[in-house]
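So for the sequence shown, my numbering puts the first residue at 11; every next one is plus one.
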Amino acid sequence: MKAVQITKPGSLNMIDIQKPDIDEINNVRIRMTAAGICGSDMGIYHGTNAAATYPRIIGHEMIGCVEEIGSNVSHLKPGDRVIINQVTSCGHCYPCRMGRGNVCDHLAVRGVHIDGGYREFLTVPESDCYLLPDSISDTDAVMIEPSTIAIQSCTRAELQKDDMLLIYGFGALGSTILKIARLLCNHIIVADIIDSKLEAAKAGGANNTINVLKEDVAQKVKEYTNGHGATVSIDSACTKDSLNQLLNATGNAGRIITMGFSAAPTEVSQFLITSKELDIRGSRLQNKMFGKAIELIKEGKLDLTGSVSHTFPLLKAQEAFDFADSHDPSIRKIVLTFQ
Numbered sequence: 011m012k013a014v015q016i017t018k019p020g021s022l023n024m025i026d027i028q029k030p031d032i033d034e035i036n037n038v039r040i041r042m043t044a045a046g047i048c049g050s051d052m053g054i055y056h057g058t059n060a061a062a063t064y065p066r067i068i069g070h071e072m073i074g075c076v077e078e079i080g081s082n083v084s085h086l087k088p089g090d091r092v093i094i095n096q097v098t099s100c101g102h103c104y105p106c107r108m109g110r111g112n113v114c115d116h117l118a119v120r121g122v123h124i125d126g127g128y129r130e131f132l133t134v135p136e137s138d139c140y141l142l143p144d145s146i147s148d149t150d151a152v153m154i155e156p157s158t159i160a161i162q163s164c165t166r167a168e169l170q171k172d173d174m175l176l177i178y179g180f181g182a183l184g185s186t187i188l189k190i191a192r193l194l195c196n197h198i199i200v201a202d203i204i205d206s207k208l209e210a211a212k213a214g215g216a217n218n219t220i221n222v223l224k225e226d227v228a229q230k231v232k233e234y235t236n237g238h239g240a241t242v243s244i245d246s247a248c249t250k251d252s253l254n255q256l257l258n259a260t261g262n263a264g265r266i267i268t269m270g271f272s273a274a275p276t277e278v279s280q281f282l283i284t285s286k287e288l289d290i291r292g293s294r295l296q297n298k299m300f301g302k303a304i305e306l307i308k309e310g311k312l313d314l315t316g317s318v319s320h321t322f323p324l325l326k327a328q329e330a331f332d333f334a335d336s337h338d339p340s341i342r343k344i345v346l347t348f349q
């Protein structure tokens, strides 16, 4: 079968590997139908994802159809459409005992530390498969995984109705966070550098927008929050200076969520953190949030249609990655499809 492997930064290869067999643990074989290209996949490709190991079959936004099941499978059957959990954890270490398996001491993420979904077939435990509702296509269902990331970040932020939220960056991640945040929070500000994205944020439910290149972020946030500053800020731009921007824009007793994976040093002001008594919290992956995202879809509260802008067949993965690197303004989400 065919698979896409990053052998080293900058080197993407189409390889032939053996079709996997099911066993007692990996007791479900999935025929892949769609897999998203995420910013972290691009980071692995470019060598800027500090968590990745090489060589690696990447892909962690994974949709497929059950082809074969083992004798110990109880809830799935051949033909079921599923999304696959990318997080594997040990269940015994301190984070796992605290209910935070997404930061397990022995964490292994499919597509990052172990081989992922850019291959025609893979085997996984039944417990890592979530049934898809009939109302969503395989291509659109790729966006469920980013939605779980958004749910995780809003959960880590303890987002409440009366919070004044700043979403910094309105790419694929920021736009998905807005979809979740508007279900939880009444006052949302979105900051970005592209006016068309800010217009989309307004159409998507943002109360106010800020063009970072034309306006002072902290000043505008204070204007939109009666002088206080944001009570919660989520960094979905993850640039070198974005955290310091949020330290300035967040008000006293606020919470800042960081989601970046660059290992490059970032300068911050300790004074801003201490004087405002800010909470700086990381948000990584997701912690058993697939069920929540799927329930929101079933309830009609989360609409993921229209989020995918481009599709490429698996065999044209290099073309897809080159296109992603072009930063064409029409790109929202790119998905690889399988014959």
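Each residue gets a CB set at the ideal place from its N, CA and C atoms; glycine is no exception.
Between the stretch 309-320 and the stretch 144-151 there are three or more inter-stretch CB-CB distances shorter than 8 Å, so the stretches are counted as touching.
The stretch 137-144 makes contact with the stretch 298-318: 3 or more CB pairs, one atom from each, lie closer than 8 Å.
Classified as buried, residue 59 has 16 or more neighbouring CB atoms from the shown chains inside 10 Å of its CB. Look at the stretch 17-101 and you find these whole runs of alpha helix (DSSP H), each 4 residues long or longer: 49-56. Cα atoms of residue 40 and residue 76: separation of roughly 5 Å, rounded to the nearest angstrom. Between residue 244 and residue 155 the beta-carbon gap is near 18 Å, outside 8 Å, which marks them as no contact.
For residue 263, the enclosing beta strand (DSSP E) has its first and last residue at 260-268. Pairing residue 323 with residue 187, the inter-Cα distance amounts to about 28 Å.
Under the Cβ criterion (8 Å, minimum of three pairs), the stretch 261-268 counts as touching the stretch 157-173. Going by C-alpha positions, residue 289 is about 19 Å away from residue 113.
Under the DSSP assignment, residue 105 falls in the alpha helix (DSSP H) whose first and last residues are 104-107. Residue 278 sits in coil when the DSSP states are folded into three classes, being neither helix nor strand.
Take the alpha-carbon of residue 346 and the one of residue 239: they are about 41 Å apart. A distance below 7 Å between beta-carbons, with the five flanking residues on each side excluded, links residue 163 to the following residues of its chain, in chain order: 187, 244, 267, 269, 293. With a cutoff of 9 Å on beta-carbon distance, residue 47 and residue 283 are scored as not near each other.
Listed as beta-bridge partners of residue 124 by DSSP are 120.
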